[in-house]
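Numbering (the numbering used here), first residue to last: 3 to 173.
What follows is the structure, encoded as structure tokens:
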């Protein structure tokens with residue numbers, strides 16, 4: 003069975019897709035599971051897929067949103083970081099942890115908008131198409147999401163939303 007470029011696509015884009023999955027889930031293990039499931043779905047429909055990156059992102063967002071709905075408030079995310087020596091750059095690690103903690107506190111759609119717009123650097127139009135909503139919804143969700151992040155980060159003593167950071171060791 004010929005994969006018509008699917009294997010090459012996965013080899014080239016795996017890191018980018020894993021980073022997106024991590025930002026959507028907040029956990030390396032959950033990100034790997036989410037990406038694996040999305041790639042299986044994509045592989046089954048590979049010959050019909052015109053825009054592979056957009057398709058895989060859409061599958062991941064849909065899968066994660068479905069999970070959020072199924073789990074509701076049963077999912078418990080914790081901000082406790084294991085104690086270990088941190089090499090130089092502890093400020094960046096602390097900033098990243100603080101940002102991820104704040105991001106986890108956002109509703110699913112708002113979090114997806116922020117991840118796609120600011121980490122994936124998609125346009126408002128591309129984000130709207132991926133999420134199946136209007137550009138206006140993307141704008142308002144992004145604006146409200148950034149305001150919420152600023153509020154949450156302000157509570158912890160840092161009133162600025164950090165610029166793009168390396169997340170979970172995934173560049």
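Just so it is clear, CB atoms sit at the ideal spot from N, CA and C, and this is done for glycine as well.
Computed from a predicted structure; not experimentally measured.
Counted within 10 angstroms of its Cβ, other Cβ atoms place residue 40 as buried (16 or more) or exposed:
Taking the first residue of the chain shown as 1, we reach residue 40 at position 38. Residue 40 should be labelled buried.
Identify which residue in 67, 68, 43, 66 has its Cα closest to the Cα of residue 57.
Counting from one through the chain shown, the residue named residue 57 turns up at place 55. Of 67, 68, 43, 66, the residue nearest in Cα terms is 43.
Exposure label - residue 143; buried when at least 16 CB within 10 Å
Along the chain shown, one-based indexing puts residue 143 at 141. That one is buried.
For residue 10, tell me which candidate among 25, 32, 120, 55 has the shortest Cα-Cα distance.
Numbered from 1 along the chain shown, position 8 holds the residue referred to as residue 10. When only C-alpha atoms are compared, the closest one is 55.
Taking three-plus beta-carbon pairs below 8 Å as touching, is the stretch 101-108 in contact with the stretch 30-39?
No: the two stretches stay apart, fewer than three of their Cβ pairs being nearer than 8 Å.
Tell me which residue opens and which closes the alpha helix (DSSP H) that residue 118 is part of.
Along the chain shown, one-based indexing puts residue 118 at 116. From DSSP, residue 118 is part of no alpha helix (DSSP H); its letter is neither H nor E.
Please classify residue 155: does DSSP put it in a helix, a strand, or coil?
Numbered from 1 along the chain shown, position 153 holds the residue referred to as residue 155. Note: residue 155 maps to helix in three-state DSSP.
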